[in-house]
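Numbering-wise, this note's numbering comes out as the position in the sequence shown, counting from 1, plus 47.
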Amino acid sequence: MAERGGRGSGGHGRLDKSITLPPDEIFRNLENAKRFAIDIGGSLTKLAYYSTVQHKVARVRSFDHSGKDIENEPLYEISVQEEITARLHFIKFENTYIETCLDFIKDHLVNTETKVIKATGGGAYKFKDLIEKKLGLKVDKEDVMTCLIKGCNFVLRNIPHEVFAYQKDSDTEFRFQTNHPNIFPYLLVNIGSGVSIVKVETEDKFEWIGGSSIGGGTFWGLGALLTKTKKFDELLQLASKGQHTNVDMLVKDVYGGAYQTLGLSGNLIASSFGKSTTADKEFSKEDMAKSLLHMISNDIGQLACLHAKLHNLDKIYFGGFFIRGHPVTMRTITYSINFFSKGEVQALFLRHEGYLGAIGAFLKGAEQDNPNQYSWGENYAGSSGLMSTSPDVSPMQRTRSGTFDMLEMDRLERPLVNLPLLKDPSTYIPDTVDLTDDAMARKYWLTCFEEALDGVAKRAAASQPDSADALERAEKFRQKYWNKLQTLRQQPFAYGTLTVRSLLDTREHCLNEFNFPDPYSKETFFSLILSMLITVTCWSIRGHERRGECLNVVWGLRQPVLVFWNLSHSLDLKKPSQNYKEGPPHKCALIFADNSGIDIILGVFPFVRELLSRGTEVILACNSGPALNDVTYSESLIVTERIAAMDPVIQSALREEKLLLVQTGSSSPCLDLSRLDKGLAVLVRERQTDLVVIEGMGRAIHTNYSAALTCESLKLAVIKNPWLADRLGGKIFSVIFKYEVPRQ
């Protein structure tokens, strides 16, 4: 979509003005942009803007049952409404296209609320006049380091799997880290033309503690002299093909092998470019570029390591134009840090390190809106993803070309925090299987999602029968998600650790992108209707005298119902664990509900009733928004109202606030216990919750199967996938029942 052609001057050097901008891919929602920030480096421009996004949401409305026969009335109605939310857009492109991009922004700018654009980076001064002329906005410069730190803090807090260690010789090239609840202190090493080393202690307390003039600029300058290359990327590409041992003198070249006395291996570099002073021959430009890259990276690594040890820090984040996800650079820095620290300090990189300055500049300009008081989430549908440039990876070419790179983040409605009952939030990993590691599982699940895609697209279109463009939007969804799946086949690390959860979340993001908020709404609705009819006609929740008749009706429908029935009538936890001892009832149980319909009404509620009858308070947590056929918080309110009208135990528990309905803050079929609604976390603490029940394959198998909690927990699900059942050594529709007591 973006092609290079003739050049135009524009008064700022030779700027490419011929590029065709694809507005469906970049500069999205520009007409609703409210605030801008820009970070201009020596080669790349990073633009940030905040916009309002209008999209469709599924709303549930209960009917007024006052004075009516509620048994014969519909439960609720689902309507699709328009909602406005906030989104952050970040776009990265080469400086050569800045004039064309500014022209495009000017032509499409409609509703901006500001007359100022925050700017940072070395190029902000160079392009100040051009920006002010093109956009009619006053350029307000911000300190580079302050912006970098603010941006780094923001991504560390809001983007799971933002941080990774690079392991070139490992089966998994990118090893992503768990988000730590406390991100401070850390060392940030920014490698641009030179090197800046900053110690970050708190949100607003940081200090520049060192640096070096030997950085990316040195590499580029010397590399251009040695190899006659014209571009930084060309030099890196040369280095990736070179062999530094042809140019560097190694320890074994000096001593004939390892120097055992000092513990030096024979392959260690003794002298960079050492062979060039003794050998009377020409060296390839690839080998010289590789040697130069090693020399500068090792110097930076040693300098960073010394500062980290001096300040007792074990986390070093590397960023800047020099890094840019280039494998050879990251590998060399990683080796250097590991060598000089003897493995005590880890070199860490960021998926979005190129946006730190732009994010920080935006935050500086939006302080009156308190953006840090909200939680934000990466929108996979509108983000490019991390791409390796390693020649042996053979990455797919993006259809829009590699000219532009994007990141989009949505402001979430509710602040998200850790579940207080996590045993160790710093080591908690939601996902059970890392598909980035497991090639067989990755191949299966990607194929599984591909094969299901046509059905999802048809279901999405059918969910909006009155919409004239539903089929067209469904096809766009299908194409976009298909392209995402193909990218993940080639680059499984594109959005962090690849898991079943991330595949499901990416699909939900793509559905929402094309205004399909709840493709399963009809199935969920009729499932609830059927379940309520069964409840009313064959089983009264007030008594157990018709239990056998009800079981005959539901037998074969869903096994989770039978599991919950057995739990609610016997609650014999001795079977799954010999460690269980009979004692007083639990004070409070937190139940994460899964599917709507049969599961929630005939499965979960009898169990809830039994717990309440035993004196245990219950917090019933349901999704904030729709995903697949999972029950939502708004649906749970209506269902509970209907059940309470039939059963005095439920009715009394609601009235006395011993049964509490809450939302999880999630709209996913899976469950991340490190990103839950803050109100839920507060309730868990206040009610002294001592039992957690996690139901469903997405929540209890794909995620949280290995989650360690500080209280008793019960994880249960039915295996509805034949491949997964076979891998776990069981049969399809087998029941997983995992009861755990925390070790003292």
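Every residue gets a Cβ at the ideal spot worked out from N, C-alpha and C, and that includes glycine.
Alpha-carbon to alpha-carbon, residue j and residue i
| i | j | result |
| --- | --- | --- |
| residue 425 | residue 769 | 32 angstroms |
| residue 782 | residue 734 | 30 angstroms |
| residue 261 | residue 149 | 33 angstroms |
| residue 230 | residue 200 | 8 angstroms |
| residue 153 | residue 147 | 10 angstroms |
| residue 271 | residue 228 | 44 angstroms |
| residue 89 | residue 407 | 18 angstroms |
| residue 450 | residue 145 | 12 angstroms |
| residue 771 | residue 490 | 13 angstroms |
| residue 412 | residue 76 | 19 angstroms |
| residue 758 | residue 789 | 6 angstroms |
| residue 456 | residue 774 | 36 angstroms |
| residue 559 | residue 765 | 28 angstroms |
| residue 362 | residue 391 | 10 angstroms |
| residue 461 | residue 703 | 26 angstroms |
| residue 266 | residue 224 | 29 angstroms |
| residue 423 | residue 430 | 14 angstroms |
| residue 315 | residue 159 | 57 angstroms |
| residue 726 | residue 233 | 30 angstroms |
| residue 670 | residue 502 | 23 angstroms |
| residue 382 | residue 459 | 39 angstroms |
| residue 421 | residue 216 | 39 angstroms |
| residue 284 | residue 332 | 11 angstroms |
| residue 115 | residue 701 | Below a pLDDT of 50, predicted positions are generally treated as unreliable, and residue 115, at 47, falls in that range; no measurement from the model is reported. |
| residue 780 | residue 676 | 18 angstroms |
| residue 554 | residue 96 | 25 angstroms |
Nearest neighbour of residue i, chosen from the options [CA to CA]
| i | options | result |
| --- | --- | --- |
| residue 164 | 154, 151 and 181 | 181 |
| residue 786 | 777, 763 and 772 | 763 |
| residue 100 | 130, 264 and 83 | 130 |
| residue 529 | 543, 504, 512 and 509 | 504 |
| residue 256 | 387, 244 and 419 | 244 |
| residue 251 | 410, 314 and 329 | 410 |
| residue 203 | 703, 756, 242 and 400 | 400 |
| residue 432 | 92, 419 and 453 | 453 |
| residue 86 | 696, 142, 501 and 225 | 142 |
| residue 334 | 315, 273, 309 and 373 | 273 |
| residue 709 | 285, 640 and 658 | 640 |
| residue 338 | 526, 328 and 320 | 320 |
| residue 418 | 563, 205 and 376 | 205 |
Contact with chain B by residue i, beta-carbon distance below 8 angstroms
| i | result |
| --- | --- |
| residue 183 | No chain B is present in this structure, which holds just one protein chain. |
Which residues DSSP lists as bridging residue i, in chain order
| i | result |
| --- | --- |
| residue 698 | Residue 698 is not bridged to any residue. |
| residue 710 | 669 |
| residue 93 | 86 and 139 |
| residue 476 | According to DSSP, residue 476 bridges with nothing at all. |
| residue 464 | 723 |
| residue 740 | 638 and 761 |
| residue 80 | 98 |
| residue 453 | 138 |
| residue 782 | 765 |
| residue 756 | 469 |
| residue 787 | 760 |
| residue 425 | 456 |
| residue 664 | 635 |
| residue 186 | 164 |
Is the number of C-beta pairs between the segment 365 to 379 and the segment 194 to 213 that are closer than 8 angstroms three or more?
Here the segment 365 to 379 makes contact with the segment 194 to 213; the two share three or more CB pairs at distances below 8 angstroms.
Could you say if the segment 541 to 556 and the segment 737 to 752 meet the contact criterion of at least three C-beta pairs nearer than 8 angstroms?
They touch, by the three-pair rule.
Are three or more beta carbon pairs between the segment 169 to 176 and the segment 489 to 503 nearer than 8 angstroms?
With the cut-off at 8 angstroms, the segment 169 to 176 and the segment 489 to 503 do not touch.
Any contact between the segment 283 to 296 and the segment 233 to 246? By contact I mean 3 or more CB pairs, one from each, below 8 angstroms.
Because the criterion of three Cβ pairs below 8 angstroms is not met, the segment 283 to 296 and the segment 233 to 246 do not touch.
Beta strand (DSSP E) segments (min. 3 residues) lying fully within the segment 363 to 422:
Runs of the beta strand (DSSP E) inside the segment 363 to 422: 393 to 397.
Can you give, in chain order, each stretch of the alpha helix (DSSP H) that sits fully within the segment 285 to 363 and has at least 4 residues?
Secondary structure within the segment 285 to 363: the alpha helix (DSSP H) runs of 4 or more consecutive residues, fully enclosed, are 298 to 302 and 332 to 357 (chain order).
Taking contact to mean 3 or more Cβ pairs, one atom from each stretch, closer than 8 angstroms, check whether the segment 532 to 543 and the segment 679 to 691 are in contact.
Not touching, per the Cβ criterion.
Check whether the segment 386 to 406 touches the segment 201 to 217, taking contact to mean three or more Cβ pairs, one atom from each stretch, closer than 8 angstroms.
Contact holds between the segment 386 to 406 and the segment 201 to 217, because three or more Cβ pairs, one in each stretch, are under 8 angstroms apart.
Just list the beta strand (DSSP E) runs in the segment 120 to 174, keeping only unbroken ones of 3 residues or longer that don't cross its boundaries, in chain order.
DSSP runs (the beta strand (DSSP E)) wholly in the segment 120 to 174: 123 to 141 and 163 to 167.
Can at least three beta-carbon pairs, one atom from the segment 295 to 314 and one from the segment 271 to 284, be found at a separation below 8 angstroms?
In short, these stretches do not touch, since the Cβ pair count stays below three.
Residue ranges of each alpha helix (DSSP H) run of no fewer than 4 residues wholly in the segment 231 to 290, ordered along the chain?
Every alpha helix (DSSP H) stretch that sits fully inside the segment 231 to 290 and reaches 4 residues is listed by chain position as 263 to 274 and 279 to 288.
Ordered list of alpha helix (DSSP H) runs contained in the segment 197 to 225, each at least 4 residues
For the segment 197 to 225, not a single whole alpha helix (DSSP H) run of length 4 or above is found.
Inter-stretch contact at 8 angstroms, needing at least 3 Cβ pairs: the segment 481 to 488 / the segment 724 to 740
Not touching, per the Cβ criterion.
Quick check: the segment 514 to 529 against the segment 465 to 473, are there 3 or more CB pairs under 8 angstroms?
Taking 8 angstroms as the limit for Cβ pairs, the verdict is that the segment 465 to 473 does not touch the segment 514 to 529.
Three Cβ pairs or more, each shorter than 8 angstroms: is that satisfied between the segment 632 to 642 and the segment 666 to 681?
Touching, yes.
Can at least three beta-carbon pairs, one atom from the segment 342 to 353 and one from the segment 379 to 391, be found at a separation below 8 angstroms?
Here the segment 342 to 353 makes contact with the segment 379 to 391; the two share three or more CB pairs at distances below 8 angstroms.
Would you call the segment 691 to 700 in contact with the segment 709 to 729, where contact means no fewer than 3 C-beta pairs closer than 8 angstroms?
No, because fewer than three Cβ pairs between the segment 691 to 700 and the segment 709 to 729 fall closer than 8 angstroms, the two stretches do not touch.
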